[in-house]
Amino acid sequence: MLTIADHQFESRLFTGTGKFTNSATMLASIEASGSQLVTLAMKRIDFKMGLDDLLSPLQSRGVKLLPNTAGARNAKEAIFAAELAYQMLGTKWIKLEIHPDPKYLLPDPIETLNAAQVLCEKGFIVLPYIHADPVLCRRLEEVGCAAVMPLGSPIGSNQGLATEAFLKIIIEQSSVPVIVDAGIGAPSQACRAMEMGADAVLVNTAIASSANPILMAQCFQQAVQSGRKAYKAGLGAVSHNANNTSPLTGFLTTRKVS
Amino acid sequence: MIEIHINGESQQLAANITLAEILALKHITPQSVAVVVNHTIIPRSQWSQHQCQADDQLEFFSAVSGG
Chain A
1 MLTIADHQFE SRLFTGTGKF TNSATMLASI EASGSQLVTL AMKRIDFKMG LDDLLSPLQS
61 RGVKLLPNTA GARNAKEAIF AAELAYQMLG TKWIKLEIHP DPKYLLPDPI ETLNAAQVLC
121 EKGFIVLPYI HADPVLCRRL EEVGCAAVMP LGSPIGSNQG LATEAFLKII IEQSSVPVIV
181 DAGIGAPSQA CRAMEMGADA VLVNTAIASS ANPILMAQCF QQAVQSGRKA YKAGLGAVSH
241 NANNTSPLTG FLTTRKVS
Chain B
1 MIEIHINGES QQLAANITLA EILALKHITP QSVAVVVNHT IIPRSQWSQH QCQADDQLEF
61 FSAVSGG
């Protein structure tokens with residue numbers, strides 16, 4: 001069981017709701033993934049388009065909502081977005097993401113730390129999306145973040161765990177849950193993150209952009225469960241040389257072949 | 001009638017119209033929206049009392065899918 005703030009999660013796979021071709025596929029994929037925490041964004045209403053009722057089917061499934069601050073370019077905007085989300089959804093949980101650069105969507109560490117401090121003081125449950133920077137993770141923990149969400153690789157890139165060496169340090173040092181977010185492109189990569197000891201992973205694009213999102217969601221669920229079990233079991237040591245797994249008693253070489 | 005700006009578009013509406021009345025007029029179910037008036041977030045509990053003034057800048061937000 002994973003505990004973040006005062007909330008317990010049976011599933012260590014969190015999912016996003018973006019990029020699905022339609023909401024029926026999105027909902028079926030979330031169901032198939034077993035995810036109990038889903039991310040959402042916010043937008044100005046386009047009155048010509050009308051409102052897509054995203055919330056009620058999610059709420060009726062009992063999943064916890066994690067609104068994000070995507071679109072915020074600095075701490076001030078992100079704090080405003082968090083307050084907006086609280087008014088909109090009645091939750092103080094917020095995925096804090098501040099990425100001013102639209103090409104790589106890399107998070108701004110200084111603005112993120114400043115916003116995190118203010119939001120934690122205001123009683124928000126802050127889950128910051130950040131680069132895999134162990135020093136920053138410690139600082140975010142110190143200001144009261146409920147978890148840290150370091151990236152594996154750029155958002156939506158499906159490049160996997162490009163930051164693996166740093167994720168390992170974060171996992172080793174962190175006393176709050178570590179959720180590997182962004183860039184996980186395949187179930188094997190989610191499994192790897194979990195084997196390394198990540199507390200959870202957040203996956204969106206890899207599921208939504210699959211030709212069969214529902215099946216892919218199941219694959220991620222199994223990969224995350226398997227990776228977690230492997231972490232608990234303990235991986236064997238890696239060595240440079242071979243170590244025989246069968247007895248090399250030489251029964252063939254001592255036997256004369258006629 | 002007064003002119004009010006809603007999500008960037010100007011509209012003529014009855015003087016003293018409340019935020020709750022505007023939501024009803026726009027057929028927006030209030031459960032999943034947030035309202036900002038002149039850059040200040042207005043709590044849900046005040047929507048039925050909050051009367052709009054001429055030239056108010058209103059912004060209505062809703063949750064959308066995202067990662």
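Read top to bottom, the protein sequences are chains A and B.
If you read the first sequence in the UniProt record's numbering, its first letter stands for residue 1, the second for the next number, and so on.
If you read the second sequence in the UniProt record's numbering, its first letter stands for residue 1, the second for the next number, and so on.
Each residue gets a CB set at the ideal place from its N, CA and C atoms; glycine is no exception.
Cβ-Cβ distance between residue i and residue j below 8 angstroms
i                        : j                        : result
lysine 92 (chain A)      : isoleucine 125 (chain A) : yes
threonine 39 (chain A)   : asparagine 68 (chain A)  : yes
valine 64 (chain B)      : lysine 43 (chain A)      : yes
methionine 196 (chain A) : isoleucine 169 (chain A) : no
serine 23 (chain A)      : aspartate 52 (chain A)   : yes
proline 154 (chain A)    : leucine 167 (chain A)    : no
alanine 70 (chain A)     : leucine 96 (chain A)     : no
glycine 66 (chain B)     : alanine 165 (chain A)    : no
serine 32 (chain B)      : methionine 49 (chain A)  : no
glutamine 189 (chain A)  : proline 134 (chain A)    : no
C-alpha gap between residue i and residue j, whole angstroms
i                          : j                        : result
isoleucine 98 (chain A)    : alanine 132 (chain A)    : 15 angstroms
glutamate 111 (chain A)    : valine 224 (chain A)     : 31 angstroms
cysteine 145 (chain A)     : valine 176 (chain A)     : 8 angstroms
phenylalanine 80 (chain A) : serine 45 (chain B)      : 19 angstroms
isoleucine 4 (chain A)     : glycine 250 (chain A)    : 56 angstroms
threonine 18 (chain B)     : asparagine 38 (chain B)  : 15 angstroms
phenylalanine 14 (chain A) : glutamine 221 (chain A)  : 10 angstroms
glycine 227 (chain A)      : valine 148 (chain A)     : 19 angstroms
glutamate 121 (chain A)    : glutamine 49 (chain B)   : 30 angstroms
glycine 160 (chain A)      : arginine 192 (chain A)   : 10 angstroms
alanine 242 (chain A)      : leucine 252 (chain A)    : 21 angstroms
serine 62 (chain B)        : isoleucine 42 (chain B)  : 14 angstroms
glycine 236 (chain A)      : valine 35 (chain B)      : 55 angstroms
alanine 78 (chain A)       : lysine 232 (chain A)     : 37 angstroms
threonine 21 (chain A)     : serine 210 (chain A)     : 10 angstroms
leucine 13 (chain B)       : cysteine 137 (chain A)   : 50 angstroms
serine 60 (chain A)        : histidine 7 (chain A)    : 18 angstroms
isoleucine 140 (chain A)   : leucine 119 (chain A)    : For the record, residue 140 (chain A) in the displayed sequence is leucine; it is not isoleucine. Roughly 11 angstroms separates the two Cα atoms.
glycine 156 (chain A)      : leucine 23 (chain B)     : 35 angstroms
proline 128 (chain A)      : leucine 84 (chain A)     : 17 angstroms
leucine 66 (chain A)       : leucine 55 (chain A)     : 12 angstroms
proline 102 (chain A)      : alanine 72 (chain A)     : 11 angstroms
proline 247 (chain A)      : glycine 152 (chain A)    : 41 angstroms
asparagine 7 (chain B)     : alanine 15 (chain B)     : 19 angstroms
alanine 82 (chain A)       : isoleucine 94 (chain A)  : 6 angstroms
residue 97 (chain B)       : lysine 76 (chain A)      : The first residue shown for chain B is 1 and the last is 67, placing residue 97 (chain B) beyond what the model contains.
glutamate 59 (chain B)     : glycine 123 (chain A)    : 25 angstroms
histidine 240 (chain A)    : asparagine 158 (chain A) : 30 angstroms
valine 238 (chain A)       : alanine 162 (chain A)    : 20 angstroms
lysine 26 (chain B)        : glycine 34 (chain A)     : 36 angstroms
glycine 90 (chain A)       : proline 100 (chain A)    : 27 angstroms
isoleucine 28 (chain B)    : leucine 113 (chain A)    : 36 angstroms
threonine 40 (chain B)     : glycine 234 (chain A)    : 52 angstroms
Residues bridged to residue i (per DSSP)
i                       : result
alanine 200 (chain A)   : A:Ile179
arginine 44 (chain A)   : B:Phe61
glutamate 9 (chain B)   : B:Ile6
leucine 2 (chain A)     : A:Phe9
lysine 64 (chain A)     : A:Leu37
threonine 40 (chain B)  : B:Val37
glutamine 14 (chain A)  : Note that residue 14 (chain A) is phenylalanine in the sequence shown here, rather than glutamine. In DSSP, phenylalanine 14 (chain A) forms a bridge with A:Leu202.
tyrosine 129 (chain A)  : A:Met149
tryptophan 47 (chain B) : Tryptophan 47 (chain B) is not bridged to any residue.
isoleucine 94 (chain A) : A:Val126
threonine 18 (chain B)  : B:Gln51
6 angstroms CB neighbourhood of residue i in its chain, flanking five on each side removed
i                         : result
serine 29 (chain A)       : Ile207, Pro213, Ile214, Ala217
asparagine 244 (chain A)  : none
phenylalanine 9 (chain A) : Leu2, Gln36
asparagine 204 (chain A)  : Gly16, Gly18
alanine 32 (chain A)      : Ile214, Ala217, Gln218
threonine 25 (chain A)    : Pro213
leucine 202 (chain A)     : Phe14, Ile179, Asp181
Proximal residues to residue i (C-beta, below 7 angstroms), its chain only, five neighbours per side dropped
i                       : result
glutamine 117 (chain A) : Val143
aspartate 199 (chain A) : Leu2, Arg12, Pro177, Val178, Ile179
leucine 27 (chain A)    : Pro57
glycine 62 (chain A)    : none
tyrosine 86 (chain A)   : Lys92
8 angstroms CB neighbourhood of residue i in its chain, flanking five on each side removed
i                      : result
alanine 230 (chain A)  : Cys191, Met194, Glu195
proline 30 (chain B)   : Ala20, Leu23, Arg44, Trp47
glutamine 11 (chain B) : Glu3, Ile4, His5
Cβ-heavy atom distance, residue i to the ligand MN, below 7 angstroms
i                    : result
leucine 27 (chain A) : Absence of the ligand MN from the depicted structure is noted, as is the absence of any ligand whatsoever, leaving it without description.
Exercise for the section: May I ask you to verify whether the stretch 103 to 110 of chain A touches the stretch 184 to 195 of chain A, counting CB pairs closer than 8 angstroms and requiring at least 3? Expected result: no
Practice task
Could you please tell me which residues of the stretch 23 to 50 of chain B, in chain order, have their CB closer than 9 angstroms to any CB of chain D?
Solution key: Protein chains A and B are contained in the structure displayed, whereas chain D is not.
Exercise for the section: Mind the definition here: the stretch 1 to 8 of chain B touches the stretch 41 to 61 of chain B only if three or more C-beta pairs lie below 8 angstroms; say whether that holds. Expected result: yes
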